[in-house]
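Below is one structure; the comments refer to it alone.
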Amino acid sequence: TAGIGAPAVAVIGEVVNERKKINWFEHRPLSGRRIVITRTREQAGMLTRSLRGLGAEVIELPTIRIEAPEDKRGFAEMVTHAHEYDWIVFTSPNGVQRFFDAFFAVFEDARSLGNPRIAAIGNGTATAIRQYRIGVDLIPERFVAEGLVDAFRNESVENLTVLWVKAEESRETVGEGLTALGAIVDECIAYRTVPESDDPGGAMARITAEGADLITFTSASTADHFMALGAAWPEGAVAGSIGPVTSAALRRHGVEPAFEADPHDIPGLVNAIVRHFQPPD
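So for the sequence shown, our numbering puts the first residue at 575; every next one is plus one.
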């Protein structure tokens with residue numbers, strides 16, 4: 575062909591259109607960013623996949639792990655009597671998993687749960703509940719304990735029984751708030767959060783040697799336990815928070831979050847991270 579010397583490759587047709595896709599892959603919004611995830615190993619997956627898909631280099635440094643409650647027998651007994659309550663309130667995906675693990679250790683059918691109404695503190699918790707083919711009746715507009723209590727103000731809960739599935743160290747906001755609305759609240763302690771001391775992948779050594787652009791925090795406990803490690807804060811790194819309770823924990827340690835997710839869930843956090851590193855023109 576005139577004007578084309580040999581050897582040469584001519585690309586024609588629809589293949590040319592693939593360049594836009596290739597160009598996006600090469601210039602993904604988080605390319606070149608090193609981001610630290612501090613949540614539990616079991617829960618890091620969704621956030622890790624999302625950030626890596628957007629081009630980030632992800633370092634998983636779990637600062638907490640989930641363990642059974644101190645009173646295992648008491649927890650199991652409360653689960654077996656869950657069908658007696660008017661409402662069951664879940665305030666974390668961990669609580670959902672621990673509750674239904676215990677439930678299906680006794681019952682074979684979800685219908686054994688009876689007909690209590692179900693409340694979830696946010697979309698992540700609601701998704702975890704629906705995985706068991708159970709509907710969710712109430713999700714607040716604000717995915718925090720205060721928002722959940724506010725949502726119940728539109729419900730008539732006076733003299734109704736509520737089983738609150740919670741962590742051992744949870745704030746008392748939900749229990750106190752629902753009690754003030756006239757509900758009869760029983761606390762069902764499903765798990766406790768403890769510091770994670772195991773670092774088999776040498777994540778902390780990597781952060782110390784290579785630094786980071788962002789450290790993400792998805793609960794107050796991840797913030798508290800990260801700070802308890804006593805490691806030097808990576809130069810130039812900023813903190814990203816999933817919500818106001820986590821932000822408050824960071825501030826108690828003298829760290830001002832660069833941004834706070836809204837909504838206060840993992841998709842909201844991912845979007846906030848992208849906005850932080852790629853502000854609008």
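For glycine and all other residues, C-beta sits at the position ideal for the given N, C-alpha and C.
Report the residue from Ala618, Leu755 and Leu625 whose alpha carbon sits nearest the alpha carbon of Arg608.
-> Relative to Arg608, the option among Ala618, Leu755 and Leu625 whose CA is nearest is Leu625.
Could you tell me the distance, in whole angstroms, from the CA atom of Ala797 to the CA atom of Met652?
-> A straight line joining the alpha-carbon of Ala797 with that of Met652 spans about 31 Å.
Minimum C-alpha distance to Val663 - residue among Ala684, Glu682 and Ala694 = Sorting Ala684, Glu682 and Ala694 by C-alpha distance to the C-alpha of Val663 places Ala694 at the top.
Rank His601, Ala630, Arg602 and Pro603 by C-alpha distance to the C-alpha of Thr790 and give the top, closest one.
-> Nearest of His601, Ala630, Arg602 and Pro603 to Thr790, Cα basis: Ala630.
Leu803 to Val610 span [Cα, whole Å] | Taking the straight line from one Cα to the other gives about 14 Å.
Please state whether DSSP places Pro818 in a helix, a strand or coil.
-> Three-state result, Pro818: helix.
Option nearest Asp711 by Cα separation, candidates Glu720, Leu752 and Phe726 | When each option's Cα is compared against that of Asp711, the closest is Phe726.
Is the number of C-beta pairs between the segment 657–672 and the segment 687–706 that are closer than 8 Å three or more?
-> These segments touch.
When the Cα atoms are used, what is the spatial distance from Glu742 to Val736?
-> Spanning the two alpha carbons is a distance of roughly 17 Å.
Is Val653 helix, strand or coil by DSSP?
-> Correct three-state label for Val653: helix.
For His920, which option in Val670, Ala618 and Cys762 has the closest C-alpha, if you only look at C-alpha atoms?
-> This structure leaves residue 920 out entirely; the chain is present only between 575 and 855.
Leaving out five residues before and five after Gly775 in sequence, what residues of the same chain have Cβ atoms less than 6 Å from its Cβ?
-> Nothing meets the Cβ criterion.
Which residue or residues does DSSP assign as beta-bridge partners of Thr622?
-> For Thr622, DSSP records no beta bridge to any residue.
Check each candidate in Ala650, Val632, Gly709 and Gly817 and name the one with the smallest Cα separation from Arg685.
-> Shortest Cα-Cα distance from Arg685 to any of Ala650, Val632, Gly709 and Gly817 involves Gly709.
Please determine if the segment 836–844 and the segment 806–819 are in contact, where contact requires at least 3 C-beta pairs separated by less than 8 Å.
-> In short, these stretches touch, since the Cβ pair count reaches three.
Grouping DSSP H, G and I as helix and E and B as strand, with all else coil, what is Leu712?
-> DSSP places Leu712 in strand when its eight states are reduced to three.
Less than 8 Å between the CB atoms is what I'm expecting for Tyr765 and Gly696, so what's the real figure, rounded?
-> About 17 Å; that fails the 8 Å criterion.
Val680 burial status per 10 Å Cβ neighbour count (16 or more: buried) = Exposed is the call here.
Hey, quick one: how far does the beta strand (DSSP E) through Thr614 stretch, first residue to last?
-> Neither: Thr614 is in no beta strand (DSSP E) and is coded neither H nor E.
Which residues in the same chain as Ala846 place their Cβ atom closer than 6 Å to its Cβ, once the five residues preceding and following it in sequence are excluded?
-> Once the five neighbours on either side are set aside, the close Cβ partners of Ala846 are Phe833 and Ala835.
In the segment 727–787, which residue ranges form an unbroken beta strand (DSSP E) of at least 3 residues, counting only runs that do not cross its ends?
-> As far as the segment 727–787 is concerned, its whole beta strand (DSSP E) runs of at least 3 residues are 735–741 and 758–769.
Per DSSP, what kind of secondary structure is Pro837 in: helix, strand or coil?
-> DSSP places Pro837 in the coil class of the three-state scheme, outside both helix and strand.
Considering only the beta carbon of each residue, do Arg639 and Glu830 sit closer than 8 Å?
-> No.
For His657 and His850, the rounded distance between their alpha carbons = If you take the alpha carbons of His850 and His657, they lie about 45 Å apart.
According to the neighbour-count rule (16 or more other Cβ atoms, all chains shown, within 10 Å of its Cβ), is Gly842 buried or exposed?
-> It is buried - the Cβ of Gly842 has at least 16 other Cβ atoms within 10 Å.
Endpoints, the beta strand (DSSP E) within which Ile695 is located | First-last for Ile695: undefined, no H or E at that position.
Under the three-state reduction of DSSP, which class applies to Val844: helix, strand or coil?
-> Helix, per DSSP.
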